[in-house]
């Protein structure tokens with residue numbers, strides 16, 4: 003059986019890693035869909051799809067997950083939700099079960115009706131959160147312990163914290179919705 | 003004389019119904035443009051264009067408005083406002099007067115200059131409000147008395163309240179702009 | 003039972019009219035989807051969606067088809083075919099059967115699997131052809147007998163033949179693919 | 003040497019004018035890119051690209067800057083940031099240095115690495131601010147002294163304050179994110 | 003009075019230059035719209051908008067046309083023709099007359115009805131033709147005498163002939179519609 | 003060293019397979035970019051990106067290529083060629099060399115200048131050609147010997163030949179450019 007697991011992975015953290023391991027105890031192979039793949043260089047989506055794929059592959063190889071057990075695929079956002087399930091299907095090899103905690107993803111696949119759905123247990127959710135990690139990157143707090151080691155190294159290599167801080171370094175958007183939205 | 007009446011109708015409620023009746027006392031035929039037609043499955047736009055057209059047709063037949071007196075047409079959002087009036091014109095049979103209380107719609111047709119413009123009296127506005135109805139659906143309050151009976155039935159049939167609640171059921175977006183925006 | 007009938011209707015001719023009548027002997031109501039609705043002012047798609055809707059309504063009223071038996075809806079082309087069926091569904095009230103002779107439409111609905119499919123008998127196909135009618139409009143041959151009377155009148159009213167001739171009046175594109183494509 | 007200076011210029015004010023003068027002390031010619039060029043008729047982007055180009059040309063001629071020293075070019079937003087630098091390059095004659103205080107613009111050109119980058123000194127920033135000017139237009143405060151004289155005249159001529167006030171004249175969006183966002 | 007002159011200018015040749023001179027005998031200022039501005043690196047559209055703007059500015063300065071008498075502006079294609087006139091208007095300062103020999107441009111402005119229209123005399127049309135020039139570039143024939151001297155120099159500088167030949171150097175598309183279309 | 007190899011793979015045939023093997027003698031890992039990934043269900047692009055990824059993975063596993071040596075990624079077409087290289091970069095992990103025989107791909111990467119470029123030897127080109135294979139599928143000739151065995155099986159499983167024949171089964175487009183274009 004093949005599963006689908008979709009996230010934005012901005013960045014890929016230890017909670018995501020635990021989720022992948024948990025999923026691979028239940029299916030033979032997981033398709034990891036990198037959502038909002040066309041976006042990057044914003045507070046909410048700092049990394050490109052290519053960068054996120056690199057993070058995921060490095061992290062999964064680091065814990066010894068075999069390459070034949072996962073597939074990483076960029077899934078660009080289309081803003082017409084009613085077409086989204088077909089859009090995902092057209093970009094992926096066939097799968098039978100969707101793993102998600104995200105309400106919109108869950109609802110769209112439920113209404114479609116062709117796939118099984120499963121929640122994923124959260125792993126120290128308040129800590130292993132991409133929002134929290136981006137917040138720490140901006141404010142200069144420690145974040146490296148929240149992501150797999152090769153992800154931390156890769157973000158250093160591409161100077162990712164610099165990027166997110168430059169993006170946040172405007173005095174115009176203090177204490178407002180843009181900032182709020184970036185941390186959702 | 004033919005009139006144009008554009009709304010998002012998320013959902014079509016008794017205030018909209020009163021507006022259509024009021025318009026049909028002034029023109030022979032009304033083109034009902036379903037705005038933001040490509041969007042659905044969000045807190046702000048839960049229903050598809052097809053679902054909204056079904057609501058409107060069922061509601062107008064319920065009060066005995068003849069089918070030859072109205073036309074329902076989806077109008078997808080284009081985000082380039084300067085092209086919007088031409089966009090509407092290209093999708094609709096000819097009309098002479100635009101009925102609207104929406105400032106952007108009003109302004110764009112005013113600057114175009116080719117059409118008459120009319121406001122519409124509000125009917126118990128604080129009550130007959132799509133925002134209020136969606137808020138009630140999410141919070142479990144009663145909403146059915148605010149929409150025409152066949153609209154309530156249709157929303158039950160497609161399990162629309164379930165949909166909007168699933169979309170709202172995320173602990174990530176409590177008390178924030180996304181929620182605020184959804185209720186505008 | 004409700005049926006779906008999709009065409010470009012450039013313009014709506016007597017063959018289309020016969021098809022609608024034939025369909026209405028089989029279903030209670032037909033949704034007439036105006037395909038490629040965003041295109042106009044080209045040799046292949048001279049008329050806007052609004053103009054085509056006007057033609058269809060005038061023609062069907064002319065033969066006495068009741069308004070409650072048909073619904074005209076613009077369907078913009080999306081060029082990602084794998085999403086097209088969902089796109090149509092999201093824009094239309096529910097239907098159970100699709101009437102089409104167009105291979106792509108047929109195939110996409112077949113692969114989807116949720117709808118019945120039916121061919122439509124052709125009515126003097128070599129004559130009642132939108133391509134042939136546009137060719138006659140360009141070359142100055144008679145074409146009015148190939149469309150319902152109110153359609154001929156409406157095209158005269160909007161000076162449609164003038165439009166198509168202006169579009170064809172370039173000496174640059176003689177005897178070439180653009181012209182060929184326009185007459186497919 | 004040629005420079006690039008990108009802004010939204012909603013509207014072009016005295017701070018922008020000082021910036022152009024400061025830039026022209028450093029380069030022979032400046033390409034003025036009108037960002038978000040496809041947007042208009044919103045609280046955040048009230049004016050069309052054509053209107054903004056008119057403002058800029060009138061203002062620069064007013065202070066005697068020769069026409070051969072600047073070039074105005076619309077730059078539509080593409081929302082895929084990773085493509086934005088190439089997008090700008092494809093639309094402009096060649097340049098060697100980018101003048102900007104905007105963090106995203108700065109970061110994207112930095113990562114690209116092919117151009118010099120320079121900040122621009124702010125000129126009475128809290129006053130000469132497009133956000134402040136739009137806020138004053140909405141609330142009826144005086145704003146004309148903050149823009150070059152020909153810009154004030156042109157905005158009067160096209161009834162720009164009327165436009166922005168109509169856009170703001172909705173009781174639905176009081177005290178919320180839409181308004182907040184409009185003034186960023 | 004201001005005029006609008008729209009072309010693709012792939013490349014800008016002596017016929018275009020004569021047209022601009024002819025137009026400037028009739029109006030004070032001409033807005034030169036660079037059509038299909040988003041396209042480049044194809045047989046039909048080899049040059050970017052930025053490259054075409056450079057050609058035009060260099061050519062007009064070469065014949066001594068003052069900079070204040072012309073404005074170059076990229077006009078991206080939108081494929082919905084019914085919106086095209088508004089699209090042009092939104093991107094340009096105001097103008098009163100449109101100079102064009104192109105049937106679609108002519109027809110769209112005619113139907114709009116707000117502008118004067120004028121044809122432009124052809125200048126050795128079979129020779130001064132962008133199609134003919136691109137054909138010569140591909141086949142290695144001499145073409146430099148058909149464009150203003152600074153345009154020939156600029157195309158050499160950016161190795162433009164190399165580009166067009168690489169694009170044509172595929173054995174797959176011999177003698178077919180793609181090639182035919184490229185030379186329209 | 004990592005290489006990039008982009009194709010449409012409609013379908014993935016023995017020539018593609020030989021190319022991948024040849025590339026893997028020269029680099030450690032190859033990123034296989036599935037071009038025109040959003041298109042499917044046409045004569046030129048019959049298969050979805052997901053179907054093409056399935057073909058490639060099955061074929062490479064069949065010849066024993068280890069999963070860690072290749073990565074399959076969908077690359078949607080953007081029609082603005084000047085942005086295409088950045089678009090590819092944003093979607094892929096880093097690579098150093100591009101393998102291609104396609105003139106446009108070659109030219110765009112050449113002008114970019116950041117990557118090495120290499121041609122690929124053709125393997126019985128007139129035979130191992132996706133165009134030839136699609137032609138045979140339409141006309142009922144044998145084609146299975148031209149693709150890797152698991153690709154033939156997969157195409158049978160998804161009834162791919164049926165799909166391509168249905169798409170071709172229109173009497174309207176005999177002997178014309180659409181057909182010609184489909185076989186380029």
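Residue numbers (the numbering used here), protein chains in the order written: chain A, 3 to 186; chain B, 3 to 186; chain C, 3 to 186; chain D, 3 to 186; chain E, 3 to 186; chain F, 3 to 186.
Cβ atoms here follow ideal geometry from the backbone N, Cα and C, with glycine treated the same way.
Check your understanding: With C-beta atoms as the reference, is residue 107 of chain F less than 8 Å away from residue 33 of chain F?
Key -> Numbered from its first residue, the sixth chain carries residue 107 of chain F at position 105. Numbered from its first residue, the sixth chain carries residue 33 of chain F at position 31. The answer is no: Cβ separation not under 8 Å.
Point to revise | First through last residue of the alpha helix (DSSP H) which encompasses residue 62 of chain B | key: Here the question's residue 62 of chain B lines up with position 60 in the second chain. Residue 62 of chain B -> alpha helix (DSSP H) spans 51-64.
Point to revise | Minimum C-alpha distance to residue 20 of chain D - residue among D:119, D:65, D:115 and D:45 | key: Mapped onto the fourth chain, residue 20 of chain D falls at position 18. Ranking the options by Cα distance to residue 20 of chain D, first place goes to D:65.
Practice item. Would you mind telling me which residues of chain B sit closer than 7 Å to residue 165 of chain D, beta carbon to beta carbon, in chain order? Key: Looking up residue 165 of chain D in the fourth chain gives position 163. Residues of chain B passing the Cβ test: 109.
Review point. Residues of chain B with a CB under 8 Å from the CB of residue 63 of chain E: which are they?
Key: Here residue 63 of chain E refers to the residue found at position 61 of the fifth chain. Counting only Cβ-Cβ distances below 8 Å, residue 63 of chain E has no contacts in chain B at all, with the closest Cβ about 32 Å away.
Check your understanding: Which residues in the same chain have their Cβ closer than 8 Å to the Cβ of residue 118 of chain E, if we skip the five residues on either side of it in sequence?
Key -> Stepping through the fifth chain from its first residue, residue 118 of chain E is reached at position 116. Correct list, in chain order: 98, 99 and 100.
Point to revise | Spatial distance of residue 126 of chain D from residue 103 of chain D (CA atoms) | key: Looking up residue 126 of chain D in the fourth chain gives position 124. Looking up residue 103 of chain D in the fourth chain gives position 101. Looking at the backbone, the Cα of residue 126 of chain D and that of residue 103 of chain D are separated by about 14 Å.
Exercise for review: Could you tell me the distance, in whole angstroms, from the CA atom of residue 5 of chain A to the CA atom of residue 31 of chain A?
Suggested key: The residue labelled residue 5 of chain A in the question sits at position 3 within the first chain. The residue labelled residue 31 of chain A in the question sits at position 29 within the first chain. Just so you know, the alpha carbons of residue 5 of chain A and residue 31 of chain A end up roughly 6 Å apart.
Exercise for review: Enumerate in chain order the residues of its own chain whose CB-to-CB distance from residue 129 of chain C is below 7 Å, with the five nearest sequence positions on each side excluded.
Suggested key: Position 127 of the third chain, counted from the first residue, corresponds to residue 129 of chain C. The residues are 148.
Point to revise | Simplified DSSP state of residue 121 of chain A, which is helix, strand or coil | key: Residue numbering aside, residue 121 of chain A sits at position 119 when the first chain is read from its first letter. In the structure shown, residue 121 of chain A falls within a coil segment according to DSSP collapsed to helix, strand and coil.
Review point. What residues from chain A crowd round residue 196 of chain D, counting only those whose CB sits closer than 7 Å?
Key: Given that chain D is displayed from residue 3 to residue 186, the structure contains no residue 196 of chain D and the question cannot be resolved.
Exercise for review: Could you list the residues in the region 68-101 of chain E with a C-beta less than 7 Å from some C-beta on chain B, going in chain order?
Suggested key: The region 68-101 of chain E vs chain B, Cβ under 7 Å: 84, 85, 88, 89 and 92.
Review point. Do the region 5-17 of chain E and the region 38-47 of chain E make contact, defined as three or more Cβ pairs closer than 8 Å?
Key: Touching, per the Cβ criterion.
Review point. So is residue 165 of chain A buried or exposed if we call it buried at 16+ other beta carbons inside 10 Å?
Key: Working through the first chain from its first residue, we reach residue 165 of chain A at position 163. With 16 or more Cβ atoms within 10 Å of its Cβ, residue 165 of chain A is classed as buried.
Practice item. Establish whether the CB of residue 34 of chain F and some CB of chain A are separated by less than 8 Å. Key: Taking the sixth chain and counting its residues from 1, the one referred to as residue 34 of chain F is at position 32. Using beta-carbon distances, residue 34 of chain F does not count as an interface residue toward chain A, since no partner is under 8 Å.
Check your understanding: Near residue 2 of chain F, what residues of its chain come up, given a Cβ to Cβ distance below 8 Å and the 5 sequence neighbours on each side ignored?
Key -> Residue 2 of chain F lies beyond the range of chain F shown here (3 to 186); nothing can be said about it.
Exercise for review: Measure the CB-CB distance between residue 53 of chain D and residue 135 of chain D and report whether it falls below 8 Å.
Suggested key: The residue labelled residue 53 of chain D in the question sits at position 51 within the fourth chain. The residue labelled residue 135 of chain D in the question sits at position 133 within the fourth chain. Between residue 53 of chain D and residue 135 of chain D, the gap from beta carbon to beta carbon reaches 8 Å or more.
Check your understanding: How would you list, in chain order, the residues of chain F whose beta-carbon sits under 9 Å from the beta-carbon of residue 51 of chain A?
Key -> Looking up residue 51 of chain A in the first chain gives position 49. Per Cβ cutoff of 9 Å: 75, 92, 93 and 94.
Review point. What whole-angstrom Cβ distance do residue 88 of chain F and residue 84 of chain D have, given they're in contact under 8 Å?
Key: The sequence position of residue 88 of chain F within the sixth chain is 86, counting from 1. The sequence position of residue 84 of chain D within the fourth chain is 82, counting from 1. Confirmed, Cβ separation roughly 6 Å.
Point to revise | From D:158, D:80, D:55 and D:41, residue whose alpha carbon lies closest to that of residue 43 of chain A | key: Here residue 43 of chain A corresponds to residue number 41 of the first chain, with the count starting at 1. Out of D:158, D:80, D:55 and D:41, D:80 has the C-alpha closest to the C-alpha of residue 43 of chain A.
Check your understanding: Within this structure, are the beta carbons of residue 41 of chain D and residue 82 of chain B separated by less than 8 Å?
Key -> The residue you call residue 41 of chain D lines up with position 39 of the fourth chain. The residue you call residue 82 of chain B lines up with position 80 of the second chain. Taking 8 Å as the Cβ cut-off, residue 41 of chain D and residue 82 of chain B qualify as a contacting pair.
Check your understanding: Are the C-beta of residue 56 of chain A and some C-beta of chain F separated by less than 8 Å?
Key -> Stepping through the first chain from its first residue, residue 56 of chain A is reached at position 54. For residue 56 of chain A, the closest Cβ of chain F is nearer than 8 Å.
Point to revise | Beta-carbon proximity check, residue 36 of chain B vs residue 55 of chain B, cutoff 8 Å | key: Looking up residue 36 of chain B in the second chain gives position 34. Looking up residue 55 of chain B in the second chain gives position 53. For residue 36 of chain B and residue 55 of chain B, yes; Cβs fall inside 8 Å.
Check your understanding: Does any C-beta atom of chain F lie closer than 8 Å to the C-beta of residue 38 of chain E?
Key -> To locate residue 38 of chain E, count along the fifth chain from 1; it is residue 36. It does not; no Cβ of chain F falls within 8 Å.
Exercise for review: Give a yes or no on whether 8 Å exceeds the smallest Cβ distance from residue 42 of chain A to chain F.
Suggested key: Stepping through the first chain from its first residue, residue 42 of chain A is reached at position 40. Interface residue, yes.
**Study point:** Endpoints, the beta strand (DSSP E) within which residue 31 of chain E is located
**Key:** Here residue 31 of chain E refers to the residue found at position 29 of the fifth chain. Residue 31 of chain E -> beta strand (DSSP E) spans 31-37.
Check your understanding: When you compare only the Cα positions, how much space is there between residue 120 of chain B and residue 114 of chain B?
Key -> Position 118 of the second chain, counted from the first residue, corresponds to residue 120 of chain B. Position 112 of the second chain, counted from the first residue, corresponds to residue 114 of chain B. C-alpha separation (whole angstroms): 15 Å.
Review point. Do you know whose CA, among E:17, E:163 and E:124, lies nearest residue 143 of chain E's CA?
Key: Taking the first residue of the fifth chain as 1, we reach residue 143 of chain E at position 141. Comparing Cα positions, the closest option is E:163.
Point to revise | Minimum C-alpha distance to residue 169 of chain A - residue among D:151, D:39, D:133 and D:110 | key: As a first step, residue 169 of chain A must be located in the first chain, where it is residue number 167. The closest CA to that of residue 169 of chain A, considering only D:151, D:39, D:133 and D:110, is found on D:110.
Check your understanding: Do you know offhand how far residue 51 of chain F's Cα is from residue 131 of chain B's?
Key -> Counting from one through the sixth chain, the residue named residue 51 of chain F turns up at place 49. Counting from one through the second chain, the residue named residue 131 of chain B turns up at place 129. Approximately 44 Å between the Cα atoms of the pair.
Check your understanding: Since residue 77 of chain F contacts residue 14 of chain F with CB under 8 Å, what's their CB separation in whole angstroms?
Key -> Here residue 77 of chain F corresponds to residue number 75 of the sixth chain, with the count starting at 1. Here residue 14 of chain F corresponds to residue number 12 of the sixth chain, with the count starting at 1. In this structure residue 77 of chain F does not touch residue 14 of chain F by the C-beta definition: roughly 15 Å separates them, more than the 8 Å allowed.
Practice item. Look at the alpha carbon of residue 22 of chain C and the alpha carbon of residue 116 of chain A, and state the distance between them as a whole number of angstroms. Key: Counting from 1 along the third chain, the entry for residue 22 of chain C is found at position 20. Counting from 1 along the first chain, the entry for residue 116 of chain A is found at position 114. Going by the C-alpha atoms only, they are around 33 Å apart.
Exercise for review: Could you name the residues of the same chain whose beta carbon sits closer than 7 Å to that of residue 138 of chain C, not counting the 5 residues immediately before and after it, in chain order?
Suggested key: The sequence position of residue 138 of chain C within the third chain is 136, counting from 1. So the list reads 144 and 145, once near-sequence residues are dropped.
Practice item. Quick one: give me the first and last residue of the alpha helix (DSSP H) that residue 48 of chain D is part of. Key: Start at 1 with the first residue of the fourth chain, and residue 48 of chain D comes out as number 46. For residue 48 of chain D, no alpha helix (DSSP H) run applies, since DSSP gives it neither H nor E.
**Study point:** Cβ neighbour criterion (16 or more within 10 Å) applied to residue 92 of chain D
**Key:** Position 90 of the fourth chain, counted from the start, is the residue given in the question as residue 92 of chain D. Burial of residue 92 of chain D is indicated by the presence of at least 16 other C-beta atoms within 10 angstroms of its C-beta.
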